[in-house]
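Student: Sending over a structure as structure tokens; questions will come in a sec.
Numbering (my numbering), first residue to last: 23 to 328.
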């Protein structure tokens with residue numbers, strides 16, 4: 023791009039995994055990414071990350087898309103399904119192998135237990151084990167980037183993560199490779215997602231560099247924790263949202279994002295609430311962490327940003 027070329031139009035995305043119904047934490051990520059795209063007059067895409075069949079629930083993807091529609095959020099372009107994009111991931115892996123940036127590895131988790139699971143050299147005991155493929159992470163691979171909400175993030179990928187799995191020994195594509203390839207292929211300029219994925223970003227940046235792909239801007243939405251300080255999606259409070267009555271959860275998600283409760287008080291429909299939210303959304307009010315409790319009698323989220 024030359025100095026006179028316009029910057030690419032903002033394009034964000036929401037990428038759920040079909041492991042069950044859409045829960046409140048995922049709704050917050052969807053709403054946050056949707057609001058940021060609308061705030062920047064850009065596009066919002068939906069991508070189904072269905073690359074892990076052992077963890078997927080039949081019909082969950084369709085249910086999640088229906089839930090998003092019930093909350094007034096639909097993709098601006100046709101929904102992309104990762105399970106239909108194997109050739110893209112294979113081509114990326116072939117490129118990395120040809121460049122010497124990736125390698126076969128037959129190490130099991132047991133083999134790597136003595137080093138805390140961090141792969142820095144192959145120590146496989148079973149040469150007949152089906153191979154995984156890893157990104158070769160050089161020594162002193164220190165990645166730093168400026169997150170749009172969380173601030174400066176640094177990670178010594180070689181010491182904290184090790185050589186990154188690109189394709190698992192069971193033949194399934196790893197999340198890190200697929201997300202990097204897809205974001206580039208779809209022209210994603212801005213990744214807005216939950217803070218639970220913050221520590222994945224440095225390894226994705228390394229992979230983007232290895233594939234000569236652009237690095238999007240990142241913004242990691244507030245980590246949502248329950249009253250005990252546990253991440254919401256890992257707690258008993260990670261309840262599915264109600265498609266038939268979306269407003270309570272939509273209002274709670276709005277509060278999680280640090281926005282004033284009164285703005286949506288008079289909304290009578292999800293579409294109406296989104297129209298108002300779009301006009302009154304202030305990214306500068308996003309908090310880094312949000313505490314959420316649930317009213318036991320109704321399983322309704324009550325949010326408080328900090």
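Heads up, the beta-carbon is just placed ideally off N, CA and C, and yes, glycines get one too. For clarity, every value in this text was computed on a predicted model and none was experimentally measured.
1) Looking at the strands, I want to know which residues DSSP matches up with residue 127.
2) Just how far apart, CA to CA, sit residue 76 and residue 197?
3) According to the neighbour-count rule (16 or more other Cβ atoms, all chains shown, within 10 Å of its Cβ), is residue 50 buried or exposed?
4) Under DSSP, the alpha helix (DSSP H) around residue 94 begins and ends at which residues?
5) Compare the Cα-Cα distances from residue 215 to each of 244, 235 and 236 and report the closest residue.
6) Where does residue 309 fall in DSSP's three states?
7) If residue 292 and residue 269 are in contact, beta carbons under 8 Å, what's the gap, nearest whole angstrom?
8) Taking the DSSP output, what are the residues bridged to residue 210?
9) Under the three-state reduction of DSSP, which class applies to residue 259: helix, strand or coil?
10) If I follow the unbroken beta strand (DSSP E) through residue 240, where does it start and stop?
11) Which term fits residue 84, buried or exposed, when burial requires 16 or more other beta carbons within 10 angstroms of its beta carbon?
12) Since residue 14 contacts residue 235 with CB under 8 Å, what's their CB separation in whole angstroms?
13) Between which two residues does the beta strand (DSSP E) containing residue 281 stretch?
14) Measure from the alpha carbon of residue 115 to the alpha carbon of each residue in 195, 298 and 290, then state which is nearest.
15) Can you round the beta-carbon distance between residue 105 and residue 73 to whole angstroms, since I take them to be within the 8 Å contact cut?
16) List the DSSP bridge partners of residue 159.
17) Please report how far the alpha carbon of residue 306 lies from the alpha carbon of residue 280, in whole angstroms.
18) Whose C-beta lies closer than 7 Å to the C-beta of residue 205 among residues of the same chain, with five residues either side of it excluded?
19) For residue 82, which residues in the same chain have their Cβ closer than 6 Å to its Cβ, ignoring the five residues on either side in sequence?
20) Please classify residue 100 as buried or exposed, where buried requires at least 16 other C-beta atoms within 10 Å of its C-beta.
21) I'd like to know if the segment 214-230 and the segment 54-63 are in contact, where contact means that at least 3 CB-CB pairs between them fall below 8 Å.
22) Which same chain residues end up closer than 8 Å to residue 162 when comparing Cβ atoms and leaving out the 5 residues on each side of it in sequence?
23) Taking only three categories from DSSP, how would you classify residue 64?
24) For residue 166 and residue 221, I'd like the C-alpha separation in whole angstroms.
25) Would you list the one or two residues that DSSP bridges to residue 216?
26) Which first and last residues belong to the alpha helix (DSSP H) in which residue 78 is found?
27) For residue 68, is the classification buried or exposed, using 16 other Cβ atoms within 10 angstroms of its Cβ as the cut-off for buried?
28) Is it right to say residue 400 is buried, meaning 16 or more other beta carbons lie within 10 angstroms of its own, or is it exposed?
29) Between the C-alpha atoms of residue 10 and residue 71, what's the straight-line distance to the nearest angstrom?
30) Quick one: grab the DSSP three-state call for residue 304.
Tutor: According to the structure data:
1) In the chain shown, counting from the first residue as 1, residue 127 sits at position 105. DSSP lists 154 as partners of residue 127.
2) By one-based count along the chain shown, residue 76 stands at place 54. By one-based count along the chain shown, residue 197 stands at place 175. If you take the alpha carbons of residue 76 and residue 197, they lie about 14 Å apart.
3) The residue given as residue 50 occupies position 28 in the chain shown. Residue environment analysis places residue 50 among the buried positions, since at least 16 neighbouring C-beta atoms fall within 10 angstroms of its C-beta.
4) Residue 94 sits at position 72 when you count from the first residue of the chain shown. From DSSP, residue 94 is part of no alpha helix (DSSP H); its letter is neither H nor E.
5) As a first step, residue 215 is located in the chain shown; it is residue number 193 there, counting from the start. For residue 215, the closest C-alpha among the options 244, 235 and 236 is that of 244.
6) Taking the chain shown and counting its residues from 1, the one referred to as residue 309 is at position 287. Coil, per DSSP.
7) In the chain shown, residue 292 corresponds to position 270, counting from 1. In the chain shown, residue 269 corresponds to position 247, counting from 1. Right, their Cβ atoms sit about 6 Å apart.
8) The residue given as residue 210 occupies position 188 in the chain shown. For residue 210, DSSP assigns no beta-bridge partner whatsoever.
9) For this step, residue 259 is matched to residue 237 along the chain shown. For residue 259, the pLDDT reaches just 46, beneath the cut-off of 50, and the residue's location in the model is therefore unreliable, leaving the point undetermined.
10) In the chain shown, the residue the question calls residue 240 occupies position 218. Bounds of the beta strand (DSSP E) holding residue 240 are 239-243.
11) One-based indexing of the chain shown puts residue 84 at position 62. Burial call: exposed.
12) Within the shown structure, residues of the chain are numbered from 23 to 328, placing residue 14 beyond reach of any answer.
13) The residue you call residue 281 lines up with position 259 of the chain shown. Note, residue 281: premise wrong, no beta strand (DSSP E); not H, not E.
14) Your numbering for residue 115 matches position 93 in the chain shown. Measuring from the Cα of residue 115, the nearest candidate turns out to be 195.
15) Here the question's residue 105 lines up with position 83 in the chain shown. Here the question's residue 73 lines up with position 51 in the chain shown. About 6 Å separates the two Cβ atoms, so the contact holds.
16) Residue 159 sits at position 137 when you count from the first residue of the chain shown. Looking at the DSSP assignment, residue 159 forms no beta bridge with any residue, so it has no partner.
17) Within the chain shown, numbered from 1, the residue matching residue 306 stands at position 284. Within the chain shown, numbered from 1, the residue matching residue 280 stands at position 258. Residue 306 and residue 280 have their C-alpha atoms roughly 9 Å apart.
18) Position 183 of the chain shown, counted from the first residue, corresponds to residue 205. Once the five neighbours on either side are set aside, the close Cβ partners of residue 205 are 213 and 238.
19) Here the question's residue 82 lines up with position 60 in the chain shown. So the list reads 40 and 42, once near-sequence residues are dropped.
20) Locating residue 100 in the chain shown gives position 78, counting from the first residue. In summary, residue 100 is exposed, with fewer than 16 beta-carbon neighbours lying within 10 Å of its beta-carbon over all protein chains present.
21) By the criterion of at least three beta-carbon pairs nearer than 8 Å, the segment 214-230 is in contact with the segment 54-63.
22) Here residue 162 refers to the residue found at position 140 of the chain shown. Beyond the five residues adjoining it in sequence on each side, residue 162 comes within less than 8 Å, by CB distance, of 178 and 180 in the same chain, given in chain order.
23) Sequence index remark: in the chain shown, residue 64 carries index 42 (1-based). Residue 64: coil per DSSP, three-state reduction.
24) Numbered from its first residue, the chain shown carries residue 166 at position 144. Numbered from its first residue, the chain shown carries residue 221 at position 199. Counting only the Cα atoms, residue 221 lies some 11 Å from residue 166.
25) Translated into positions along the chain shown, residue 216 becomes position 194. For residue 216, the pairing in a beta bridge is given by DSSP as 243.
26) Indexing the chain shown from 1 puts residue 78 at position 56. No alpha helix (DSSP H) holds residue 78; DSSP gives it neither H nor E.
27) By 1-based counting over the chain shown, the position of residue 68 is 46. Residue 68 counts as buried, since no fewer than 16 other beta carbons sit within 10 angstroms of its beta carbon.
28) Nothing can be reported for residue 400: it is not among the residues displayed for the chain, which extend from 23 to 328.
29) Missing from the structure shown is residue 10; the chain here goes from 23 to 328 and no further.
30) Residue numbering aside, residue 304 sits at position 282 when the chain shown is read from its first letter. Coil, per DSSP.
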